[in-house]
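For the sequence shown, our numbering gives the first residue as 1292, with consecutive numbering after it. No residue lacks a Cβ here, since even glycine has one placed at the ideal position from N, Cα and C. As structure tokens, the structure follows; a few thoughts come after it.
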Amino acid sequence: MTAAEIKKVIRDGGIDTTLTNGLAVPEDKLGDQRTRYENAVDSFTDLYGDGDISLYSVGGRSEISGNHTDHNFGKVIAASVNLDILAVAKKTEGGVIRIKSEGFPEDVVAPAAAEAPDADKFFTSAAIIAGMERAFLDAGYAVGGFDAYTTSNVLKGSGISSSAAFEVMVGNILNYLYNDGKVSNVEIAKMAQFAENKFFGKPCGLMDQTACAVGGFITIDFETLGSPVIEKMDFDLTSAGYRLCIVNTGGNHADLNEDYASVPGEMKKVAAKLGVPVLRQTSREALTNLICTDSGVREELGDRAIMRAFHFFDENDRVTAQVAALKAGDIEGFKAGVTASGNSSFKYLQNVYTTKNVEEQGLSLALYITEEFLRGTSGVCRVHGGGFAGTIQAFVPAELTDAYSAKMNAVFGQGACHVLSVRKNGACRVL
């Protein structure tokens, strides 16, 4: 469709059902979203001209439980949320991919860039694009050139997985432009993890990419390498009387790659001492026996690594219990797991602030203010996402949401508190 044709469909309400039912856009925000889509089309044509263009969306994600377990083949609960990356794209000749993301320089990636990882390009969006191309080629799928303009309200460094959403978006566009939409979203998630691990240089697990790609409220079991068991859950947080609030404390994840890498690295170091590659293949009992019988193991591994391993075992059990609670309609049991997860993340996983800058502890402050606000109510909170900086998560009783948002915005800045909805659609073509 041409730009004029697409804009007419948008103005006539032709994507309203997708926006409200699939992407969880509130009815009172429909007008804003139509304008956002039209503006994105205009920005695209200003850069790349008209042609046969199409629209795509990938949501961010919220980790509900299972903090830092996926990289050791654990279990998680996650949800795709209604903050998203919107892309306008068209196929081009010559194999070159050009992506202009709002607020960032244009990335231009030639076909040869996908041949092998380049350490000089680590932690760049161009590396992600090259990695997704390589993953598609390795899986036997077609790739080719395209121009794209993206705009995102998935805040960078917010713990809602802006990098995973971008990776999945590149795969989403390649899927529809060159593969007739036949690549499953689970496959795209695996390719996105490959791109982030090998080309971007970050040793992440598969949770972020899967939650962004698949959509809905899901539980994922990563026990079998390369074949995660994904189950969509019939759970409606809004109907239960709560709102999912994510508070951005202003910390940025961009310079914390060493902190993130230390978590899977230390967990796997403990696993190796126990004779296995990942903690999922051993047990809490085996680790307890090790530290009770080997007097030198604490010095060898470090106490933090041992505590992070214990967190993994406990967190895995918590996810199992929380899934069972949700299936039984036991919201109190589910929330008890949220609180326990938060406490374990703070005390044992230790990902609430970075030791590089102990004066800045926005997450700790946000957790205190939230706990004080929710005291005597049924609300709960915990660190959100990878941690160290960025965001906290709170399940706030619906009637208190406005007051909670106002308080957190007063402390951390206007717009810091995001009241989110869970979207049904994962990575998708909108039009």
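Around the CB of Arg1302, fewer than 16 other CB atoms lie within 10 Å, so the residue is classed as exposed. Here the C-alpha atom of Thr1311 lies approximately 36 Å from the C-alpha atom of Ser1635. The count of Cβ pairs closer than 8 Å, one atom from the segment 1580-1592 and one from the segment 1492-1506, stays below three, leaving the stretches out of contact.
By the beta-carbon neighbour count (other beta carbons within 10 angstroms, threshold 16), Val1505 is buried.
Between the segment 1322-1339 and the segment 1401-1412, the count of Cβ pairs shorter than 8 Å is below three; the stretches do not touch. The Cβ atoms of Val1538 and Ala1657 sit closer than 8 Å to each other. The beta carbon of Lys1391 is closer than 7 Å to those of Leu1338, Glu1397 and Tyr1440 in its chain, skipping five residues each way along the sequence. Per DSSP, the unbroken alpha helix (DSSP H) holding Ser1655 starts and ends at Gly1653 to Leu1665.
Under DSSP, Asn1539 shares a beta bridge with Thr1682.
If you draw a straight line from the Cα of Ala1596 to the Cα of Ser1632, it comes to about 17 Å. Secondary structure at Ala1697: helix, using DSSP grouped into helix, strand and coil.
Under the three-state reduction of DSSP, Asn1358 is assigned to coil, being neither helix nor strand. Measuring C-alpha to C-alpha distances from Thr1442 to each of Leu1374, Lys1381, Phe1413 and Lys1473 identifies Leu1374 as the nearest. Apart from sequence neighbours up to five positions away, the residues of its chain that approach Phe1395 with a beta-carbon distance below 8 Å are Ser1416, ordered along the chain. For secondary structure counted as the alpha helix (DSSP H) over 4 or more consecutive residues, the segment 1467-1542 holds these complete runs in sequence order: 1476-1485 and 1498-1505. In this structure, Val1713 keeps its C-beta atom at 8 Å or more from the C-beta atom of Ala1502. DSSP, read as helix, strand or coil, puts Asn1634 in helix.
Within the DSSP secondary-structure output, Cys1672 pairs in a beta bridge with Ala1685. Cβ atoms of Ile1355 and Ile1368 come within 8 Å of each other, at about 4 Å. Secondary structure at Gly1351: strand, using DSSP grouped into helix, strand and coil. Collapsing the DSSP output to three states places Val1379 in a strand.
For the set Ala1418, Gly1322, Leu1535 and Ala1577, the Cα lying nearest the Cα of Ala1483 is the one of Ala1418. Taking 8 Å as the cut-off, the Cβ atoms of Gly1532 and Ala1694 do not count as close. Looking at Leu1578, Leu1547 and Asp1605, the one whose alpha-carbon comes closest to that of Lys1647 is Leu1547.
Residue pairing by DSSP places Arg1599 in no beta bridge whatsoever. Less than 8 Å divides the Cβ of Tyr1469 from the Cβ of Val1434.
For Arg1714, no alpha helix (DSSP H) encloses it, and the DSSP letter there is neither H nor E. For Val1643 and Gly1677, the gap between their C-alpha atoms comes out near 9 Å. With contacts defined by Cβ atoms closer than 8 Å, Cys1536 and Ala1627 do not form a contacting pair. Pairing Val1561 with Leu1516 gives a Cβ-Cβ distance that is not under 8 Å.
Look at the beta carbons and you see the segment 1487-1496 not touching the segment 1514-1528: under three pairs across the two are nearer than 8 Å.
About 5 Å separates the Cβ atoms of Ala1718 and Val1349, confirming a contact at the 8 Å cut-off. In the DSSP assignment, Thr1442 is bridged to Leu1377.
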